[in-house]
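One structure is given here, and the rest of the page talks about it.
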Amino acid sequence: MDSLRELKSQLNILSRSDGSVIFSQGQTVVVASMYGPVEAKIQKTIIDKASVEVIFRPKSGLSFVQDRLKESVIKSTCESALLTMLHPRTSVILTIQELQDQGSLLSCCINAACLALINSGISMRYILAAVSCIINDKNEVILDANQIQSNVSINLL
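Position one of the sequence shown corresponds to residue 1 (the UniProt record's numbering), numbered consecutively onward.
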């Protein structure tokens, strides 16, 4: 079995955010920043809790449907961990910038988002951790797959 790739992080890399981190999982690298709770825009106001917004920016070019899916997964994951009811009528905004993708990008983004939230000091129910799993053509489960393994996989979990 291959070993898991090394995880590295550096907190407070951005001066104007409430929490920020550069996080790497092997050669996959993202920057996550968190702003909030801030006053919510009228259309995003929820009376009894904070709204959570996630913005994913690919390394280059425009966002695609897959990027909106990443945003949705990260949002629902982080929203479940946050104590949003402590901050009614506010917004929590997470921005995640892809710097390099060598596999397991979504799990890297979730881990970075969690560290940015922790760094900001916002109240959370629990701490998140994510890892990608694939099933290869031999029906073997591989954890923390790289880009090549992911491209030839039967299924990605």
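Heads up, the beta-carbon is just placed ideally off N, CA and C, and yes, glycines get one too.
Practice problem: Select from V38, K59, Y126, I47 the residue whose C-alpha is nearest the C-alpha of T77. | Solution: Nearest option by C-alpha distance: Y126.
Practice problem: Answer yes or no: do M85 and D48 have a C-beta to C-beta separation smaller than 8 Å? | Solution: Result yes, Cβ atoms of M85 and D48 sit closer than 8 Å.
Practice problem: Could you pull the start and end residues of the beta strand (DSSP E) that K70 belongs to? | Solution: That residue, K70, is in no beta strand (DSSP E); its alpha helix (DSSP H) goes 65-81.
Quiz item: Closest by CA to T95, which one among V52, T28, R89?
Solution: With respect to the C-alpha of T95, the residue from V52, T28, R89 having the closest C-alpha is V52.
Self-check item: Outcome for L117 when other beta-carbon atoms lying within 10 angstroms are tallied against a minimum of 16
Solution: By the beta-carbon neighbour count (other beta carbons within 10 angstroms, threshold 16), L117 is buried.
Quiz item: Count the other CB atoms within 10 Å of the CB of A112; is the residue buried (16 or more) or exposed (fewer)?
Solution: Buried, by the Cβ-count rule.
Self-check item: Cβ-heavy atom distance, S80 to the ligand MN, below 7 Å
Solution: Ligands displayed in this structure: none; no statement on the ligand MN is therefore possible.
Quiz item: Rounded to a whole number of angstroms, what is the C-alpha to C-alpha distance between I93 and I13?
Solution: So the two alpha carbons sit approximately 17 Å from each other.
Quiz prompt | Spatial distance of V141 from R57 (CA atoms) | solution = In this structure, the CA atom of V141 is about 29 Å from the CA atom of R57.
Self-check item: Length of the line joining the Cα atoms of M1 and Q66
Solution: Because the pLDDT of M1 is 47, which lies under 50, any placement of that residue in the model is unreliable, and the number read from its coordinates should be weighed accordingly. Going from the Cα of M1 to the Cα of Q66 covers about 29 Å.
Quiz item: Which one or two residues does DSSP pair with R57 in a beta bridge?
Solution: Answer is Q97, bridged to R57.
Quiz item: To which residues of the same chain is Q147 closer than 8 Å at the C-beta, ignoring the five residues directly before and after it?
Solution: Closer than 8 Å at Cβ, skipping near neighbours: D101, Q102, G103.
Self-check item: Unbroken alpha helix (DSSP H) run spanning Q149, endpoints
Solution: Run containing Q149: 147-151, per the alpha helix (DSSP H) assignment.
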